[in-house]
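Contents: one structure, followed by commentary.
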Amino acid sequence: MSPYMAKIVGQEDFVYVWTLGMPGVGDEQDKLVTVDVNPRSGTYGQVVDVHSVGGRNEAHHSGFTDDRRYLWASGLDTSRIFIFDVHSDPAKPRLHKTIDDFVAQSGGVVGPHTSYALPGRMLITGLSNNRDHGGRTGMVEYTNGGDYVRTHWMPIDGDLRGAAKGGRFADGYGYDVRVLPRRNLMVTSSFTGWNNYMMDLGQMMADAEAMKRFGNTVIVWDLHARQPKKVLDVPGAPLEIRCAWGASHDYCFTSTALTSEIWLIYEDEDGEWQAKAVADIGDASKIPLPVDISIGADDQVLWVNTWNDGKTRLYDISDPHAPKQMLEQQIGEQVNMVSQSWDGKRLYFTSSLLSNWDKKAGEADLQYFKLYTWDGEALKHRFTLDFIAEGLGAPHQMRFGAYALYGLSPPVKVAQR
Amino acid sequence: MAGLGWFAASLSWAGEAPHAHPKPQVLAPGYGPLEFEPPLPGSYALPPLGDAADGDVLDSRGRATKLHELLDGRIVVLSFIYTTCSDINGCPLATHVLRGVQDRLLDAPSLDGQVRLISLSFDPERDTPPVLARYGGYFKAPGFDWRFLTTRSQAELAPMLDAYGQWVIRDPEQGALSHLLRVYLIDREGSIRNIYSVSFLHADTLLNDIRTLLMEAQASS
Chain A
1 MSPYMAKIVG QEDFVYVWTL GMPGVGDEQD KLVTVDVNPR SGTYGQVVDV HSVGGRNEAH
61 HSGFTDDRRY LWASGLDTSR IFIFDVHSDP AKPRLHKTID DFVAQSGGVV GPHTSYALPG
121 RMLITGLSNN RDHGGRTGMV EYTNGGDYVR THWMPIDGDL RGAAKGGRFA DGYGYDVRVL
181 PRRNLMVTSS FTGWNNYMMD LGQMMADAEA MKRFGNTVIV WDLHARQPKK VLDVPGAPLE
241 IRCAWGASHD YCFTSTALTS EIWLIYEDED GEWQAKAVAD IGDASKIPLP VDISIGADDQ
301 VLWVNTWNDG KTRLYDISDP HAPKQMLEQQ IGEQVNMVSQ SWDGKRLYFT SSLLSNWDKK
361 AGEADLQYFK LYTWDGEALK HRFTLDFIAE GLGAPHQMRF GAYALYGLSP PVKVAQR
Chain B
1 MAGLGWFAAS LSWAGEAPHA HPKPQVLAPG YGPLEFEPPL PGSYALPPLG DAADGDVLDS
61 RGRATKLHEL LDGRIVVLSF IYTTCSDING CPLATHVLRG VQDRLLDAPS LDGQVRLISL
121 SFDPERDTPP VLARYGGYFK APGFDWRFLT TRSQAELAPM LDAYGQWVIR DPEQGALSHL
181 LRVYLIDREG SIRNIYSVSF LHADTLLNDI RTLLMEAQAS S
């Protein structure tokens, strides 16, 4: 979540789930699924709206504009971006605009991933490019209205764009982005290109050359100038980035998919930004495959999901340089995204990673949306929506909605006789 | 959250974490010294973010004019405010930072006459021209080009807010306002070149952005 954005610090009313269409499931299209999660509502725990977008795009991530009126949801395969109006009726998002020319406008960036709110504009990270569909990529800025502004290519060996190389790698790959505005810091991570993320997982794992084509870098940027300052070695595909919230907490976390570690991005005593591995996530030799992470609002805990073993782990990060695992719990056959309420008491989980990487239908507990509650000691299951049984597909990114964000009240129900 | 109790209990707009036990509010970065070395003016680009919209406004003497009449070849810093806003990290922050820009411009005679500050109220009912004249008197240095504007009505105001993407929520019962703080940097051609919100707004970076636009204009002339 962007620090520029309004936050729901009470009970969220809805979770918007950006969902991949699956062949043989419902209308087979990508869709924005709205789940009612307010226990005071008569439709609590139910899907209250489904907005299909007319095809499959490899639906993946989504993010709100800074005023939280619009939700940008993108497709990694088609590079289309769907902009939903979520403020006119938070219970029923409406497709407001579609960006179909992302690749052409950006000058060849492919695979829009993170949609990150900056003041009055959106910053979209890419995963790939249209020349070789490898991992070299860039970030693309749009106005909140959806007009293209500019492209920032990631620094790479031979074209470091003024950045210093902190280690061995400068691969030009991209994935996620976060900022610490008071320190003028922007941080990006690195995954892999279209050739890999659209390939069958088993085929890719058996392809030694393909397995070399993963990102090994985190880049720190001058946020104001959008100028890359330093390329840090973080081997093994650092994915999600979460920066601390506290006013004096100048650090961010990421986790590495292939090497199964938590890494800290921090400022050293000399004022230099550095990266170091601070904890292991499970047994790296078993490839647990860390995916989404979620930091608590008080910067005391970090939830870490591992997709391959379907587990979530909770780390005490009160000392960010030495996270300690507090909990390990099975969530499903596979688990990908985790989102927590601002008070940290409710945790939502979804299952899907990528359409060609997901485990295959037939296995139990495969594609789901689940709510758990956390009381500081136990993670308790509250409800599950089976997204295959519901005819929806493979759920990925979750974003929270609330009537109060827009000065609205929930509709009053008239008692029926 | 700009100024309101009515849904402050459940939402936060300001960027700092609310806590179960009240703590002193963390002031926005714009109130303190900049915590980083900013990039040098002219060393970075500020690409256009769209045209600054026009609209009917009233100045602090009650004279009607068009907003575009005030975008007359100067660089403009435009801030949407309302004078009864009580959230320290809301409108007071914007006005504090604009005053900081004013102070820095007064110390830079070479920039004399090149920049105009505009504070435009989005509360026309309460912020009448005399109210704004009084409010402006607290902040504006004598002779400095800082305009305090309002509108005749919500009907005149609404299209402007919409065009600038300045989202304001009104509590219909109490009349309270909630908004996402926005300040706009507008170049001599009337193009929006930067947008600042609470975590980003600081007089030093704003002044550097102004200098960047002036250097760009010099280079092209």
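In order, the protein sequences belong to chains A and B. Each step along the first sequence adds one to the number in this note's numbering, with nothing skipped, and position 332 is 332. Each step along the second sequence adds one to the number in this note's numbering, with nothing skipped, and position 70 is 70. Virtual Cβ for every residue (Gly too), placed ideally from N, Cα, C.
By DSSP, does residue i sit in helix, in strand, or in coil?
i	result
TRP194 (chain A)	helix
PRO290 (chain A)	strand
LEU213 (chain B)	helix
SER106 (chain A)	helix
HIS202 (chain B)	coil
TYR82 (chain B)	coil
PHE36 (chain B)	coil
GLU377 (chain A)	coil
LYS97 (chain A)	strand
LEU103 (chain B)	The question names Leu, but residue 103 (chain B) in the sequence shown is Asp. It is helical.
PHE369 (chain A)	strand
PHE349 (chain A)	strand
MET398 (chain A)	strand
TYR422 (chain A)	A query on residue 422 (chain A) cannot be resolved here, the shown segment of chain A reaching from 1 to 417 and no further.
GLU261 (chain A)	strand
SER43 (chain B)	coil
LEU157 (chain B)	helix
TYR131 (chain B)	Looking at the sequence itself, residue 131 (chain B) is Val, so the reference to Tyr does not match. Of the three classes helix, strand and coil, the one that applies to VAL131 (chain B) here is helix, per DSSP.
GLU69 (chain B)	helix
GLN340 (chain A)	strand
THR114 (chain A)	coil
Please report how far the alpha carbon of residue i lies from the alpha carbon of residue j, in whole angstroms.
i	j	result
LEU70 (chain B)	LEU132 (chain B)	17 Å
THR213 (chain B)	LEU46 (chain B)	According to the sequence provided, residue 213 (chain B) is Leu. The question's Thr does not apply to it. Approximately 8 Å, taken between the alpha carbons.
LEU181 (chain A)	GLY24 (chain A)	It is worth fixing the name first, because residue 181 (chain A) is Pro in this sequence and not Leu. Straight-line Cα distance between these residues: approximately 45 Å.
GLY55 (chain A)	PRO112 (chain A)	17 Å
VAL183 (chain B)	MET337 (chain A)	35 Å
GLY393 (chain A)	GLY21 (chain A)	5 Å
THR19 (chain A)	HIS60 (chain A)	7 Å
PRO22 (chain B)	ASN208 (chain B)	At PRO22 (chain B), the pLDDT of 42 sits below 50, so the modelled position is not reliable; the number obtained from the coordinates is stated separately. The alpha-carbon atoms of PRO22 (chain B) and ASN208 (chain B) are separated by roughly 36 Å.
ARG313 (chain A)	ASP283 (chain A)	13 Å
ASP425 (chain A)	LYS165 (chain A)	Since the displayed chain A opens at 1 and closes at 417, residue 425 (chain A) lies outside it and no answer follows.
VAL77 (chain B)	VAL301 (chain A)	41 Å
GLU333 (chain A)	TYR368 (chain A)	10 Å
PRO323 (chain A)	ILE317 (chain A)	5 Å
GLY42 (chain B)	ALA225 (chain A)	10 Å
ASP27 (chain A)	TYR197 (chain A)	24 Å
LEU27 (chain B)	ARG188 (chain B)	32 Å
ALA73 (chain A)	GLU216 (chain B)	36 Å
Beta-carbon of residue i versus every beta-carbon of chain B: anything under 8 Å?
i	result
PRO235 (chain A)	no
VAL187 (chain A)	no
GLN46 (chain A)	no
GLY332 (chain A)	no
ALA6 (chain A)	yes
ALA164 (chain A)	no
TYR406 (chain A)	yes
THR143 (chain A)	yes
GLY120 (chain A)	yes
Mind checking if residue i is an interface residue toward chain A, Cβ cutoff 8 Å exclusive?
i	result
SER199 (chain B)	yes
VAL26 (chain B)	yes
THR205 (chain B)	yes
TYR138 (chain B)	no
GLY50 (chain B)	yes
LEU213 (chain B)	no
PRO29 (chain B)	yes
LEU161 (chain B)	no
ARG182 (chain B)	yes
ARG104 (chain B)	no
PHE36 (chain B)	yes
SER43 (chain B)	yes
PRO39 (chain B)	yes
TYR135 (chain B)	no
Give a single yes or no on whether residue i has its beta carbon closer than 7 Å to a heavy atom of the ligand SAM.
i	result
SER60 (chain B)	Although the ligand SAM was asked about, the structure shown includes no ligands whatsoever.
**Request:** Kindly confirm or deny that the region 83 to 96 of chain A and the region 201 to 216 of chain A touch, where touching means at least three C-beta pairs closer than 8 Å.
**Result:** no
**Three CB pairs or more closer than 8 Å across the region 255 to 269 of chain A and the region 290 to 310 of chain A** = yes
**Asked** Between the region 43 to 62 of chain A and the region 141 to 155 of chain B, do three or more beta carbon pairs fall short of 8 Å?
**Response** no
**Message:** I want to know whether the region 228 to 242 of chain A touches the region 267 to 274 of chain A - three or more CB-CB distances under 8 Å.
**Reply:** yes
**Message:** Is it the case that the region 398 to 414 of chain A contacts the region 45 to 60 of chain B, given that we only count it when at least three CB pairs across the two stretches are under 8 Å?
**Reply:** no
**Item:** Every unbroken beta strand (DSSP E) inside the region 43 to 92 of chain A [3 residues or more]
**Value:** 47 to 52, 59 to 64, 70 to 75, 81 to 85
**Message:** Which runs of the beta strand (DSSP E) at least 3 residues long sit entirely within the region 123 to 206 of chain A? Give them in chain order.
**Reply:** 138 to 143, 148 to 153, 177 to 180, 185 to 188
**Message:** I want to know whether the region 182 to 195 of chain A touches the region 241 to 252 of chain A - three or more CB-CB distances under 8 Å.
**Reply:** yes
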